[in-house]
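J.: Just so you know, we're using our numbering here: the sequence shown kicks off at 73 and counts up by one.
In this text, a Cβ means the ideal position worked out from N, Cα and C, and glycines have one as well.
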Amino acid sequence: MTAQPTPEEPGVATHGRVLVLGRAPEVMETVLAELVSLGVDAVGSTEPETAPTAFDARAFDLVAIGGGLRGPVGDSLRAAFLARNPSLRVIDASAPTAAVVVRDALRGTPQPTVDLDAYCARIGYDGPRTPSMETLRALQRLHTAAIPFEAIDVLLGKGVDIAPEAVDAKLIGRRRGGYCFEQNGLFRRVLRTIGFEVEGLAGRVRWMLPADAPRPARTHMVLRVVIDGHPWLADVGFGVCVPTEPLDLRTTEPQPTAHETFRLFPYGGGMLLQAKLGEAWASVYEFGTDPVEDIDYVTGNWFTSTHPGSHFRSMLNVACVTDEARYTLRDNRLTVRTPDGGMDRRQLDADALERVLAERFGLPVEPEWRTMIGQAVAVGSKAA
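1. When we look at the beta-carbon of Gly461 and count the other beta-carbons within 10 Å, is it buried (16 or more) or exposed?
2. Is it the case that the CB of Leu160 approaches a heavy atom of the ligand PLP more closely than 6 Å?
3. Looking only at its own chain, which residues have a Cβ that is under 7 Å from the Cβ of Ala218, when we skip the five neighbours before and after it?
4. Reducing DSSP to helix, strand and coil, say where His59 ends up.
5. Could you name each continuous beta strand (DSSP E) segment of 3 residues or more that falls completely within the region 394 to 422, going from the start of the chain to the end?
6. Do Tyr399 and Arg442 have their CB atoms nearer than 7 Å?
7. Which term fits Lys242, buried or exposed, when burial requires 16 or more other beta carbons within 10 angstroms of its beta carbon?
8. Pro318 and Leu208: beta carbons closer than 7 Å?
9. Less than 7 Å between C-beta atoms, sequence neighbours within five positions excluded: which residues of the same chain meet that for Thr329?
10. Where do the ends of the beta strand (DSSP E) carrying Tyr369 lie?
11. Report yes if the CB atom of Gly245 is closer than 7 Å to the CB atom of Tyr357, and no otherwise.
12. Hey, Glu254 and Val277: beta-carbon distance below 7 Å or not?
13. Taking 7 Å as the cut-off, decide whether the C-beta atoms of Phe153 and Ala129 are in contact.
14. Quick one: what does DSSP say Ala352 is sitting in, helix, strand or coil?
15. Using DSSP with H/G/I as helix, E/B as strand and the rest coil, what is Arg95?
16. State the start and end residues of the unbroken alpha helix (DSSP H) segment that holds Trp441.
17. What number of angstroms, rounded off, separates the C-alpha of Glu121 from the C-alpha of Thr169?
18. State the start and end residues of the unbroken beta strand (DSSP E) segment that holds Met293.
19. Would you list, in sequence order, the uninterrupted alpha helix (DSSP H) runs of no fewer than 4 residues that lie entirely inside the region 198 to 272?
20. Would you list the residues sitting across from Phe334 in a DSSP beta bridge?
21. Taking DSSP's pairing of strands, which residues face Trp304 in a bridge?
22. Taking the straight line between their C-alpha atoms, what separation do you get for Ala171 and Asp164?
23. How about Val135 and Val162: are their beta carbons less than 7 Å apart?
24. Considering only their Cβ atoms, is the gap separating Thr291 from Gly372 smaller than 7 Å?
25. Select from Thr216, Arg248, Leu258 the residue whose C-alpha is nearest the C-alpha of Ile224.
26. What is the DSSP secondary structure of Phe458, counted as helix, strand or coil?
27. Check whether the Cβ atoms of Asn256 and Gly342 sit closer than 7 Å, and answer yes or no.
28. Mind checking whether Ala123 and Leu93 have CB atoms under 7 Å apart?
29. Is DSSP giving Gly116 helix, strand or coil here?
30. My guess is that Leu178 and Val112 are in contact by the Cβ rule of under 8 Å, so how many angstroms apart are they, rounded?
31. Should Phe359 and Ala347 be called a contact, given that it needs their Cβ atoms to be closer than 7 Å?
32. Tell me, to the nearest whole angstrom, how far the beta carbon of Ala448 is from that of Asn404; I am working on the premise that it is less than 8 Å.
33. Report buried or exposed for Thr376, applying the criterion of at least 16 other Cβ atoms within 10 angstroms of its Cβ.
34. Between Leu336, Leu420, Ala167, which has its C-alpha nearest Glu106's C-alpha?
35. Are Arg296 and Leu273 touching if we call contact CB-CB under 7 Å?
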């Protein structure tokens, strides 16, 4: 199936020949038609297994692998084409955004970036800025230690702005923390600026929910990072049980980290992340495997930060994790868990709570927080 390009619009550079690989003829027909309308010279194949021999890799500037080919098939295709043309660019491009992703890849459309110097200073990273597994591991570990999980602005009724400039000003400039849309939105831009291939996904939080609880909304943002053709789950924005290093999406085997052991497996059309607590597995969150548009995070963030049913509107929730321990604050109850299984839990009065926010979590406590702190102490003491 071949599509012929139409003349390019003035000022739009889409030079380069593209091969699109997928399985469904109707999807391929639609994607190629969209590429034609965008002025892209593309051909497609719905017989991907034969594509490396049916097409000359040297004749293309870019190969786009459809979402239905993720996994071993996609990895094999990527390796086969790169073996024949090492300079070839091979990307993942899932419908319904495949045509735009391909067009932007050809044009070199810049992704939202971040001040890497300021970010690295914020988390204390001075290592290589190359898209490698070693870099990803180091950034994730340092990020979760330096930038705390918190939703204090929601508790204060201010809402949360997840526009890149607002997130950077808050988490980097003002040295505040944030929740998943802010944390993983920032981390995604950092990784893209370095050169990683990364996509945003969305999930439903299952942490500590009873089995008969209503299914929650898809209000958790996570990331899929592809390194050398292999997909990894990266998350710096879950708080209480955030993984401190990337998790391999290709295996269902347990994956030990410095704190918990995690496992991932197919679940209801998506994936489920679980953490081992003692001898039992606890569900953390489930997530879809299709890339999510930024507008979906805007609506999810609006729900999480403004809906009366959002627990962030009624509870102080702060967390960070270092090599030494996990620190979790729920209202005025501070819990410290160490990698060896040790746990310390204590109730804080208002003065102690303010000190913990400033000294343990590194937050710039503001005068207007004092009322919130008093309310957290009252709620926590009553619950105790």
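T.: Reading it off the structure:
1. Here the chain has residues from 73 to 456 only, and residue 461 is not among them.
2. In the structure on display, the ligand PLP does not appear, and there are no ligands present to speak of.
3. Arg194, Ile195, Gly196
4. Given that the chain is displayed from residue 73 to residue 456, the structure contains no residue 59 and the question cannot be resolved.
5. 398 to 402, 405 to 409, 415 to 419
6. no
7. buried
8. yes
9. Pro315, Thr316, Glu317
10. Not the beta strand (DSSP E): Tyr369 falls in the alpha helix (DSSP H), residues 366 to 378.
11. no
12. no
13. yes
14. strand
15. coil
16. 441 to 455
17. 23 Å
18. 292 to 299
19. 205 to 218, 224 to 227, 236 to 239, 252 to 266
20. Gln327, Ala347
21. Val297, Asp320
22. 11 Å
23. yes
24. yes
25. Arg248
26. For the chain, the structure presents residues 73 to 456; residue 458 sits outside this window and is missing.
27. no
28. yes
29. strand
30. 7 Å
31. no
32. 5 Å
33. buried
34. Ala167
35. yes
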